[in-house]
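Read the structure below first, then the notes.
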Amino acid sequence: MITEAVAGAANAIAERLGADFPKTVLVLGSGLGRFGETMEVTAELSYADIPGFPVSTVQGHAGRLLIGTAGGAPVACMQGRMHLYEGYDPQQLAIPVRTFKRLGAERLILTNAAGSLHKTMGPGALMMIEDHINYSGRNPLMGPNDDDVGLRFFDMTEAYDPALREMMQAAAVETGTPLRHGVYLCTTGPNFETPAEIRMFRQWGADAVGMSTVPECLVARHCGLRVAGLSMISNLAAGISPEPLSHEEVMEEGEKTFAQVSALMTAFLKRCAEEDVKGA
Numbered sequence: 033m034i035t036e037a038v039a040g041a042a043n044a045i046a047e048r049l050g051a052d053f054p055k056t057v058l059v060l061g062s063g064l065g066r067f068g069e070t071m072e073v074t075a076e077l078s079y080a081d082i083p084g085f086p087v088s089t090v091q092g093h094a095g096r097l098l099i100g101t102a103g104g105a106p107v108a109c110m111q112g113r114m115h116l117y118e119g120y121d122p123q124q125l126a127i128p129v130r131t132f133k134r135l136g137a138e139r140l141i142l143t144n145a146a147g148s149l150h151k152t153m154g155p156g157a158l159m160m161i162e163d164h165i166n167y168s169g170r171n172p173l174m175g176p177n178d179d180d181v182g183l184r185f186f187d188m189t190e191a192y193d194p195a196l197r198e199m200m201q202a203a204a205v206e207t208g209t210p211l212r213h214g215v216y217l218c219t220t221g222p223n224f225e226t227p228a229e230i231r232m233f234r235q236w237g238a239d240a241v242g243m244s245t246v247p248e249c250l251v252a253r254h255c256g257l258r259v260a261g262l263s264m265i266s267n268l269a270a271g272i273s274p275e276p277l278s279h280e281e282v283m284e285e286g287e288k289t290f291a292q293v294s295a296l297m298t299a300f301l302k303r304c305a306e307e308d309v310k311g312a
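Our numbering numbers the first residue of the sequence shown as 33 and each following residue consecutively.
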């Protein structure tokens, strides 16, 4: 069923696009969807109009696939994502990523809003993801393996591509953007974490916590896509923050940090495009 859904989705996107699909796909997380408005868009599709695609249901996730350029760099942009807590089977979350791979994508750039586990990394900070911890207890690759897509048992030693991390760091230096590095931990949500859970996560070596990104990374690495990740710190986690947590706070922080995120991501996408030219 997943293979059929991917084929149908890829055909629908290819028919609408009528051109080569970009090699870079950018997934915009909570509070970051506004970046899509900076693009020169050549094609736009609602997820609801792509056969087999799950549909975003969360505030701030527009549910559109935008194809075009950002700062002159070709990119396909998911303006909003799907989450396990929306009630989707984990396997459904594999459909968009495998569709992009089928269309010719080579990189998946994942962004999210996350809670910080350190007082010294407060709201507005940007953290490049170096590794992750899957605390969700779910995996979109459970079930029969498609050997034509990827190995049953695959390595995750370098889940977040070292070369892409170097390129993002270089983009941060170019734009004067302070960029932290750390480990992202994924929970299922939709509730925020308890203070006791946060204390445990810190002992495990996590630096930020959220409810996304890891499922997409797993699917991408399984099918051979290179992955980079960026967390926008929207709040201090439970037990560290003096205030109750809310989704509204996440959205507000996204607006505050938009200019910084936009500059960093545009410079990074240009480097991706330059890498493609050198490799051609």
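Built from N, CA and C at the ideal position, the CB exists for glycine as well.
- In the three-state reduction of the DSSP assignment, Leu64 falls in the coil class, being assigned neither a helical nor a strand state.
- Secondary structure of Pro54 (DSSP, three-state): coil.
- Counting only runs that start and end inside the stretch 183-247, the beta strand (DSSP E) elements of at least 3 residues fall at 212-218, 240-242.
- With respect to Cys218, Ser273 sits apart: the two C-beta atoms are not nearer than 9 Å.
- In the structure shown, Ser88 falls within a coil segment according to DSSP collapsed to helix, strand and coil.
- Contact annotation, Leu268 with Gly147: C-beta distance approximately 7 Å; criterion of less than 8 Å satisfied.
- Between Thr298 and Leu158, the C-beta gap is not smaller than 9 Å, which leaves the two residues out of contact.
- Beta bridge pairing from DSSP links Met159 with Arg212, Ser263.
- Between Val246 and His164, the CB-CB gap stays under 9 Å.
- DSSP places Pro106 within a strand segment (E or B) once states are collapsed to three.
- The C-alpha of Leu211 lies about 11 Å from the C-alpha of Gly156.
- DSSP links Ala146 through a beta bridge to Ile265.
- One thing to note: Pro54 has its Cβ no nearer than 9 Å to the Cβ of Pro86.
- It is roughly 13 Å from the alpha-carbon of Ala102 to the alpha-carbon of Val59.
- Here Gly100 carries a strand assignment [DSSP, helix/strand/coil].
- Excluding the 5 residues flanking it on each side, Leu296 has same chain C-beta neighbours closer than 8 Å at Leu158, Met200, Ala203, Ala204, Thr207, Thr209, Leu211, Leu262, in chain order.
- For Leu277, there is no enclosing beta strand (DSSP E), as DSSP marks it with neither H nor E.
- In this model, Phe224 and Met153 are separated by some 18 Å (Cα to Cα).
- In its chain, beyond the 5 residues on either side, Tyr117, Met243 have a beta carbon closer than 6 Å to the beta carbon of Gly221.
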